[in-house]
Structure formats: structure tokens, C-alpha cells
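**Q** This is the structure, below, for whatever I ask next.
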Amino acid sequence: MDPFGKYNSIISARATDKRILKKSQDGGIVSATFIYGLENNILDGVIVADRGEKFKPVPKVATTPEEVIEAAGTKYTVCPNISLLKSAVREYGCDKIGVVGTPCQIISTKKAIKYPVGLRHVTDKIALTIGIFCMENFPYNGMKTVVEELCGARLEDVVKTDIGKGKFWVYTKWGETKSVKLKETHPYEQIACHVCTDYTAELADISTGSVGSPDGWSSVFLRTKKGEEIIKKMIDGGYLETKPIDEGKFGLGILKKLALTKKEKNIKEIEHRKELGLPVPIIE
Amino acid sequence: MMVTVAHVQLSSCCGCLISLSDTYEKLIDILGSIDLVYCQTLADAREIPNADVILVEGAVCLDDHHTMEIVKEVREKGKILVALGACSAVGGITRFCKGGQMPKPVQSSFSALTEVVKCDLAIPGCPPSPELIVNVITAVLNGNMEYLRPFAKYAESKRGACGCDLIINVINKSLCMGCGVCAASCPTRAIKMIEGRPLVSSELCIKCGVCSFQCPRIELPKGVCQLDGE
Amino acid sequence: MAKTINITPTTRHEGHGKLILEVEDNDVVNKAYYINTTPVRGFETMLVGRPAEFAPIAVMRICGICQTTHGIASCAAIEDAIGCEIPKDGRLLRELVGLGNRMHSHPLHHLLTADDFIKPEEKELRVDVIKLIQRMRKVGQLIVDVVGGEGIHPPNIVIGGMRTNISERAKAKLYYALKRYEKDAYLMYEAYTELIERYLEEIGIPDLGAHKYPYIASHTTFGDKEDIKWDSVVEIPPQRYYKDKKIAESTSVMIPLYGGVPVEGGPRARMAKFGNFRIGGSAMDINIARAKENLGAVYRAMEILDELDINGKTKVTPEYKDGSGIGVHEAPRATNVHFAEVGKDGKIKSYKIIAASTWNFPIVEKAIEGYPHQHAEVIMRAYDI
Ligand SMILES: Cc1cc2nc3c(=O)[nH]c(=O)nc-3n(C[C@H](O)[C@H](O)[C@H](O)COP(=O)(O)OP(=O)(O)OC[C@H]3O[C@@H](n4cnc5c(N)ncnc54)[C@H](O)[C@@H]3O)c2cc1C
Ligand code: SF4
Ligand code: SF4
Ligand code: SF4
Ligand code: SF4
């Protein structure tokens, strides 16, 4: 089984701008790329997941670097970014839109581009898609349960959440760090994620995530020409520092393992649902 | 020989044809690559000829014998019969028609073309976007059946459409992952995303079928899963 | 001996129609019937009992060319019924979206009539004119896309105002688009005037399609309910208007009358009433007035952009109560009138529409009468029906 889908190259990278790194989840690839795009006329609006009250994400069209930075960091709950695709073009008047999303959101975007039935004069304005790796997501109250009941932190105090080293981590504004084993969070996952077989956002221009690179760095797949071009310009301009990805067990090895685990596990679930006569996303 | 195309308007607002014309500068190219043999709104031909493709816009008024004759005629004369737009494909706004209005109070029954006669392709949307209509015409010209498959399925299904399809076919089936593309695509803004799920306002839904067509959890055509632009 | 000529279906206009012409030996039309054969989808009855918010969404779908005007008139009627004042910036955006619609609809109509005036051998000219038209339409539709939310059936026109304001960037984009439109509208006006003058000269009937009926218009760029004497407006069934039973039972339109007679609405009516455009001339004057109105529209649109506060409030939440109201908007093709009766439960109690083009149905007949039948469709098309 092909773990990653098509790509041209994969690297480890991180932003050089400290302002970004301070707020970003990992290497700040998403925020740095969007800011670079906005500042260099490659993008004029980007759809991100802004932080709302009590860590509830809200989709937002960001048009300034400040707005991008405000929205940095992972929210482990559903944020319907793609719902803003049309407003970005209409009320906001954007012509070159950047979209960040989980693999499933990138798939939605790709379907919209191929079949823009209800998206008049919209999809030709999508200039860049950045996918973020994703094993599973949580409904808002699922995340709330994990944070409040399992980790014992108040949602309003949370400044960052993270998944790594087999644990779900919560950082509070009081400087505390709490965690719970991932095994214990499974019951709170969004069930619709269990028919999802894309871990690395195989259809994005660029996909990125933490797995496979050291702390504070990101693994980055460059999949399309567009994606490659912008990253190359950023590297040349000193906006990103890079190193070759670790080909070993804790680099590409683990990334591959996780991608395949997701595929195998969820293909089983799909088969199971088919046996029950339940619908699954039809691919034909 | 160029592919012959006819556009026939039944009970509709003409918005689907306007949508096609909203390809602006491209329109001339499109008209140059096909032979538009009939289109009452844009050209003078008064009789529907045989054509490779007949695009039919609008619902069928079952209470109007003239319409019923045209329906028969388009099936006989069109090699590929396309139900263009919600009214023709899935009913759309005409689902709310119930007659009783002056000066023709007896005209009360409107059905999607797909329900009245066998169609080969059906395109939801009120109206479908200009780009999509061009994609479909291009796919027909190139015989790209893979691209057209979802539309062929809509033509077969003879089902109406509604925002409720998202509830029944996606949310109820534990398939909704909350991407929000359904909300973005809705032409009446009937869909709000609440707690990561679409909430459809039955007050604003006009049964155009776009949201469920756009949802990747109902159908994900293979062509979508290929990466372009490597 | 007199004969009857049927032109069916009539072409290059929206909807389904046919012309029945009683013609004298000298080819001159003695009596004309313009019959609309489109089945009646019944938007008025469809709305009864439904929530008021549904009304604008639904009635836009009467016509895919001038959806915007139906949305505006519908909201205005319901707001009038419940005494709802919309905020200034909402009002400006509403006028702007209506103008965007006009700026696309008028050129589209030039597209439909172009072949009446451009000769078959003038291929290059034809392509140039189509390109010009499409450039202009693109700007009109961009305005409706951005301000209205969708270029066809704009959902941002809501009861209480406009759903959203626009961003600074969007405003700038519209400004530059309008600048381009201004230039193109001039070209179009000049080209069309020339074509029509040539046409009238060649057929040798300078007053082709003239009639003696009055005009109806309420405003130049928006719509004004106060400008119309409502006691004088009636809409009668075709059975009462046409003596011929067969004709009466075949047409799908009600006949609106103002002061007991048919009236002409549209570009000429507006420009005559609020400007100094020639009255009583050839119906071809309407084509020229239409081209000229594009200029008025683009100037007003720029003015609106100037006046618009992009941080201003665009919408109030409507509070429903029992009442009935009238909404008027000057559609590209004539005065569009909606009457709504709503209840305090927010539901529609009754609804009535005088769609813009219906004013001109009886007028088209009058305009055709007295001229050679060969020009009947050209006259009909001038009315953009
Ligand atoms: C639900 C979820 C599960 C994930 N699982 C994994 C995993 O298993 N392995 C792994 O390596 N990486 C995973 N990630 C990705 C990882 O957490 C980082 O988002 C990614 O590495 C990007 O970091 P960055 O520093 O480059 O981005 P930043 O500069 O911090 O930017 C992140 C961007 O993502 C947007 N965003 C945040 N949350 C969401 C959301 N819920 N939906 C849509 N957009 C959002 C933000 O608005 C921001 O623009 C997951 C992310 C999410 C949202
Ligand atoms: S697991 Fe799949 S479906 Fe769930 S959020 Fe991640 S990408 Fe989307
Ligand atoms: S689908 Fe919509 S745009 Fe097309 S004809 Fe029907 S109402 Fe008009
Ligand atoms: S498009 Fe489908 S999966 Fe996405 S939010 Fe809507 S219903 Fe859910
Ligand atoms: S909810 Fe919107 S997109 Fe879905 S069918 Fe209704 S009107 Fe169409």
C-alpha cells in the first residue's frame, strides 16, 4: 500500500521568524507560507482556523500576517474551514486564496475544484492548498472531555494542545502541562474519521505535520509544482530553514508506519460498514 | 463534423443558460467548438432539430400538453439528453409549485425532467456554475465518461434533492466530518455550520441538490483523488 | 384580403411566446397579439403560508436574467408591510446590486438584438460587439457576485437590508471594474446608436414601432413606491382584456393597466420621465435609451461606492406584524412591483407580482400594429420581454 500518495520531495523545515514560532504548532510551516504568500502577492487571503472562545475554533479569512499568526496552532476539533471558500471570493474579494485543512478538507476542496457545481467563479481563485497530517479529530465536546475530564485543565486556560509521544498534551496559561495517554482519548474521537484513509493530505500542494521531524520542526511534503515553487522561494529568501528528513525509524519510518496504520485500520472499518449495508464514501 | 448541441427551455427562469453565458470571453470559444443548432433565447431556429446533445433547462409542467410534446421530442431527437440545472435534474424551486394562480390556475404539477423521461445526464445546481457547465460540455465532447459518471447517476436516480439529504445520507450515517463545503456551495445560504455539522434551514432551502452533490462523503469520484500539477 | 401570420415560437428573448398578426394586403399589421405561452409556475400561490424569508429567495427564480430586481422588490414589499427601515449602507448596497444587474442585463439584451442590426456579412463587427458585451456583462455580474453573494439569484438581499457589507479590497476591485465599464459603455452606446440609425434608414420607416400610450417609471436607478399612484394600477385577466376567447385562454400573463390603459415601462420611460429623452418615437429608441442607461448606471454605481461605509451596518432584524406593503424596483426592462401581505407570525398571507415585462406585453401589440409584419419581432425585442 502506498502510504503517502504522490509527492516530489519531503524535507524537515521550520520558520525562521520567531514571532511565528512562538505561536505555531510545530515548525510554523503553514503560518510562514501564508504570510510569505500574502506579503509577496502570491496570496491575497487565506482561510484559517481562528481561536474562538474556550478554544473553540472559528473559520476565518485572514488577509494580514497578524491575522494569520493569531490563528496559528492546532485545534483538535472540527473547524469547517471550507465553509468560507465562497465568502473569501465574494465579500472579501480575494483572487488568490490559500486554504489550510485536514486531509478530508483538502479532499473536499479538490472535489470542489473538479466539480464546482455550486461554486461559481470560486475555485479558479484557490491559489494554494496546505494540508496538515491528521490521524483523527474530535467533536468539540470530545476535545473538551479530553482536556477537562482526562487532563484536568479548564478549556478557557488552554494556550496549546498537542499530540505526540503517544500522548495528548495540554498547556495552560498558568504554565502547567497536563497529558493523557492517546489510548484513553480514542472513545472521544469523531466516528466519521474512522472511514478516512488519508493521513498526509495526499491531494494538497504542500502537506505538513510534526511526525517524522524533531520537536519544533515539521515534515513537509512538496507535492505539486506550485507547492514546490513557493517553498523554494521561502528557503532561498531565508524564511525557512531546512534539513533533510531523517530516513530512519524516527523519521520517515514512523511517518510511514502511522500513515499505513491509518489506512489499514480504516479500510477495515469501511469494509465492516459495507458488510452491514451502510453507505461509505463511494470511490469509483 | 462538429458536435451539434441544442438548448431547450421548459419551465425555468433561464438562469442556467445565463450561467453558461457567464463564461464571458470563453463563450465565443465554446460556441466555436460546438454547433449550436437550437437555442430559442439566443438564436432564430424555431424547430428543434436532431442533435448530438440536447440540454434541457426547467421542469416539466404535466398540465401543459405543449410541454409534454416537447419532452417527447427532445428524447427522440437528442442522442444525449442532459437535464441542466436543479429544476430539470432534481426539481429545485419548482418543487414548491402547486398551481391555482391566474391566469392559468390549472397548471399545478411540475416534475423534474428526469422523472418524466429517461435522461442521460442530470446536473443539479441553481444554477450550476459556468465552469461546471463547460466541464460537462467538454467531457461530452471528449467522451470522458469517468468525469460524467456522477451526473449519469443523478439522471438515473430520479430522486428529488434537498438539504435534508445531508442529514439523511451523511450525518445520520456517521459520515460527516465537518468540512463545510456543503455550506459554501449553497446558493441560498441555507446552511450554517454549527458544532461542526451542517444545519439546514428548511425556510431557505430550494431543493437544488448542490450541497449533497458537493459532499465528498456521499461520492468521491476517482478523478478527484488524482493529484494534478506535479 | 387580410391574412393571419403566426410567428411561433418567437426567438431571442427570455421565455416562450408567439406572435399572431392580422395583416392587410399591403403587409401592414392591423391587429397584433403577443401571447406568452410559458406555463405558470405560480410564485404567488407558492408563497402563501411560507415564511417571509423564503419570498425573496423564491421570486428571484422567476427570471434568471433579472433575479436581483425581484429579490429587491420582494424585500421592499415585506419591509413596507412591517414598517422596517433598512440602514443607509444596506440601502446603498441594495441599489448597487440592482445596478450591477442592470449593467449585465442591458448588454445581454444587446446580445439578443444584435443580429437584428448587424448584417450577416459583418462577421468581424459581430464578434467585436459580442466581446464588448461580454466584457460589460462580466462587470455587471461581478458586482452582483460580490455584493449580492451570487451573480444569479443573489442571496444577500434579505428582509431588513443586505446580509453583509463588503471588504475594502472588494470595494477597490469594483471601483476598477466600473472604470473599465464606463469606457465600454460609451463604445457600446456609440456603436448601437449608429447601428440603429442605419437600420431605420435602410428600412425607410423612421418611426418604426411608435405608439401613443403613456409611460410608467418610478426612479432612474432604484425604485420609488411614492412615485406611483396606486389607485390607478389594476391588473386584469386576459379574458377581460382580449375580445378573442382563444387568445384570452392561451396567454399566461395578466394585463396590468395604469389609469385604465396599457403603459410602457423601461429605459425610454425612465429617461423620458426623469430626463429629456424623446417620447413617442420609434420603438428602436428604446434600444438607444437602454445603451444610454448603462452610463447612468455606472456613474451612480461609482457614487454609491464613494458614499458606502464598509464598516456600516447593512441589516436590521425584521420584527413581524400584520400588514401589507408594496415594493417597487426599476428592473432593466420596466417597473417591477411586488405586493405582500404578512402576518405577525412572519408568514406570507398573500402575494402579488406585476413582473416588469408584463407592463409591456400589451404595449408590444400596440407598437407592432400599423407597421409591416416583417418587423414585428424586431419591435417586440426592443422591449426586452
Ligand atoms: C485534528 C488534527 C489532527 C492532527 N494530527 C496530526 C498527526 O497525527 N500527526 C501530525 O504530524 N500532525 C497532525 N496534525 C497537524 C499538526 O498538529 C500541525 O497542525 C501541523 O504540523 C502544522 O503545524 P505548523 O506549525 O506548520 O502550523 P501553524 O503555523 O501552527 O498553523 C496551523 C494552521 O492550521 C490551522 N488549523 C488548526 N487547527 C485546525 C483544524 N482543526 N482544522 C483546520 N485547520 C486548522 C490553523 O488555523 C493554522 O493556520 C493534526 C492537526 C489537526 C488539526
Ligand atoms: S481523520 Fe480524516 S476525516 Fe477525520 S479530521 Fe482527520 S482528515 Fe478529516
Ligand atoms: S435551476 Fe435555478 S437557475 Fe436553473 S432554471 Fe431552475 S431556477 Fe433557474
Ligand atoms: S460536505 Fe458533507 S462532510 Fe462536509 S460538512 Fe457537509 S455534510 Fe459534512
Ligand atoms: S440546502 Fe442549499 S444547497 Fe442544499 S439543496 Fe437546499 S438550497 Fe440547495
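Protein chains in written order, with the numbering used here: chain A, 4 to 287; chain B, 17 to 246; chain C, 2 to 386.
Built from N, CA and C at the ideal position, the CB exists for glycine as well.
All values derive from a computational prediction rather than experimental measurement.
1) Straight-line CA distance for K174 (chain C) to I64 (chain B)?
2) For N31 (chain C), report the span of its beta strand (DSSP E) as first-last.
3) Should D146 (chain C) be flagged as near chain A, meaning a C-beta pair shorter than 8 Å?
4) Which residues of chain C have a Cβ atom closer than 9 Å to the Cβ of H124 (chain A), listed in chain order?
5) Could you please give me the residues that DSSP links to M163 (chain C) through a beta bridge?
6) Please classify G344 (chain C): does DSSP put it in a helix, a strand, or coil?
7) Quick one: residues in its chain with C-beta nearer than 8 Å to the C-beta of V41 (chain C), no 5 flanking neighbours on either side, listed in chain order?
8) In chain order, which continuous runs of the beta strand (DSSP E) of length 3 or greater are located wholly inside the segment 95-157 of chain A?
9) Whose CA, out of B:F112, B:V19, B:S228, B:G48, lies closest to the CA of I222 (chain B)?
10) Closest by CA to A218 (chain C), which one among C:H105, C:P155, C:V338, C:N102?
11) Kindly say whether K316 (chain C), judged by its beta-carbon, lies nearer than 8 Å to any beta-carbon of chain A.
12) Please list the partners that K82 (chain B) has in chain C, where partner means a Cβ-to-Cβ separation under 8 Å.
13) What are the complete beta strand (DSSP E) segments, minimum 3 residues, inside the segment 27-103 of chain B?
14) What residue does the beta strand (DSSP E) around E331 (chain C) start on, and which one ends it?
15) Using the Cβ count rule (16 or more neighbours within 10 Å means buried), how would you classify F224 (chain A)?
16) Taking 7 Å as the line, does the beta carbon of N140 (chain A) fall inside it for any heavy atom of ligand 2?
17) Less than 7 Å between the CB of C137 (chain A) and some heavy atom of ligand 1, yes or no?
18) Under DSSP, the alpha helix (DSSP H) around R22 (chain A) begins and ends at which residues?
19) Report the partner residues of K316 (chain C) according to the DSSP bridge assignment.
20) Taking the C-alpha atoms as reference points, what is the distance between A3 (chain C) and Y243 (chain C)?
21) Quick check: what's the CA-CA separation for V283 (chain A) versus I234 (chain B)?
22) What's the gap between the Cα of G101 (chain C) and the Cα of Q68 (chain C)?
23) Let me check you understand the geometry: is the CB of D165 (chain A) closer than 7 Å to at least one non-hydrogen atom of ligand 2?
24) Strictly below 9 Å CB to CB, what residues from chain B border E205 (chain A)?
25) Closer than 7 Å, Cβ to Cβ, to anything on chain A: give me those residues from the segment 192-213 of chain B, in chain order.
26) Run the CB neighbour count on T5 (chain C), radius 10 Å, all protein chains shown included, and call it buried at 16 or more, exposed below.
27) Does the count of Cβ pairs from the segment 128-146 of chain A and the segment 188-208 of chain A closer than 8 Å reach three?
28) When the Cα atoms are used, what is the spatial distance from V379 (chain C) to D117 (chain C)?
29) Let me make sure I understand the geometry here. Which of B:D80, B:V69, B:G31, B:F126 has the alpha-carbon closest to that of S145 (chain B)?
30) Give me the DSSP bridge partner(s) of W231 (chain C).
31) Could you check if Y95 (chain A) belongs to the surroundings of ligand 1, using beta carbon to heavy atom distance under 7 Å?
32) Going along chain A, which residues have a C-beta under 7 Å from K42 (chain B)?
33) Quick check: is the beta carbon of A115 (chain A) nearer than 8 Å to any beta carbon in chain B?
34) Can you pull the chain E residues whose beta carbon is under 9 Å from the beta carbon of L225 (chain A), in chain order?
35) Is the CB of E69 (chain A) under 8 Å away from at least one CB in chain C?
36) Can you give me the Cβ contacts of A52 (chain A) inside the same chain, cut-off strictly under 8 Å, excluding the 5 residues immediately before and after it?
**A** In this structure, then:
1) 42 Å
2) 30-37
3) yes
4) Q142, L143, D146, G152
5) C:I158
6) coil
7) S253
8) 100-104, 129-135
9) B:F112
10) C:V338
11) no
12) The displayed chain sequence assigns His, not Lys, to residue 82 (chain B). Simply T38.
13) 51-55, 67-73, 94-100
14) 324-331
15) buried
16) yes
17) yes
18) 21-26
19) C:G162
20) 20 Å
21) 7 Å
22) 11 Å
23) no
24) C241, L243
25) C192, M193, G194, C195, G196, V197, A199, A200, S201, C202, P203, M209, E211, G212
26) exposed
27) yes
28) 7 Å
29) B:G31
30) Note: W231 (chain C) sits in no beta bridge, so no partner.
31) no
32) The contacting residues do not exist; K42 (chain B) stays about 11 Å from chain A at best.
33) yes
34) Note that chain E does not occur in the displayed structure, where the protein chains are A, B and C.
35) no
36) P60, V61, P62, K63, A74, K78, C82, N84, V103
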